[in-house]
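Trainee: Numbering (UniProt numbering), first residue to last: 1 to 184. C-beta: ideal position from N, C-alpha, C; glycine also. Here the structure is a predicted model, which means the values were calculated and not measured. Questions regarding the structure given below will be posed in turn.
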DNA sequence: CCCTGATTCGC
DNA sequence: GCGAATCAGG
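Spelled out as structure tokens, the structure:
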């Protein structure tokens, strides 16, 4: 169907505000909104008068610069070898988002009365998703009941402990190929 | 070269 | 108001 871009509807502006507050970059926001360039986002941000980025963290924490922290996080994330985290889920027209493979193998709400009380019931819509919340997609992104896990995300990662385990599996369990060895 | 936001200016 | 082009910087 012809997915015309709604332009700046109230919802989109609201989302823009939230994502900008959360510290996402203009390009990231553009991807989430879809149909707009990062320039469009930046332009809108300025017109809305909310320019001026939010400082993720102070200039330094215990002698560690923001960059040091980012590097540290990057190392931690790369350690396990990521298969293909669902990422943020921009909505693609149709074909390529099998996105549920990993989720399918994971505990899903359908299973009535699960003793695993935790994790469930925290699901949130993109509007309530905050930077510190787990962005693991749950359900069909094209349907209104689509939600994100919303659990407490591990600092520096987009997922909660539950989903981070699924997203970042140790190489040992997926011993398939080893495109490492000598490349790079 | 990748990315970031900021600004300009024709539409 | 909008956003591509451009600018300035990391």
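Under 7 Å Cβ to Cβ from residue 20, same chain only, skipping five residues before and after it: list those, please.
Mentor: Around residue 20: 29, 45, 50.
Trainee: Tell me whether residue 51 counts as near the ligand ADP, meaning its Cβ is closer than 7 Å to at least one heavy atom of that ligand.
Mentor: As for the ligand ADP, it is missing from this structure, which has no ligand bound.
Trainee: How far does the alpha helix (DSSP H) with residue 9 in it extend, from its first residue to its last?
Mentor: Element bounds for residue 9: n/a, residue is neither H nor E.
Trainee: How close, in whole Å, do the beta carbons of residue 146 and residue 133 come, if the pair is a contact with beta carbons under 8 Å?
Mentor: 15 Å between Cβ atoms; not a contact.
Trainee: Give the secondary structure of residue 130 by DSSP, where H, G and I count as helix, E and B as strand, and everything else as coil.
Mentor: Three-state DSSP puts residue 130 in coil, outside helix and strand.
Trainee: Count the other C-beta atoms from every protein chain shown that fall within 10 angstroms of the C-beta of residue 93, then say buried if there are 16 or more, exposed otherwise.
Mentor: Confidence at residue 93 is low in this model, with a pLDDT of 35, below 50, so its placement is unreliable and the value that follows should be read with caution. Burial call: exposed.
Trainee: How would you label residue 127, buried or exposed, when you count the other beta carbons within 10 angstroms and need 16 or more for buried?
Mentor: Exposed: under 16 other Cβ atoms inside 10 Å.
Trainee: Could you tell me whether the Cβ atoms of residue 150 and residue 162 are closer together than 8 Å?
Mentor: No, these two residues do not count as a Cβ contact at 8 Å.
Trainee: Determine which residues share a DSSP beta bridge with residue 124 and list them.
Mentor: Answer is 148.
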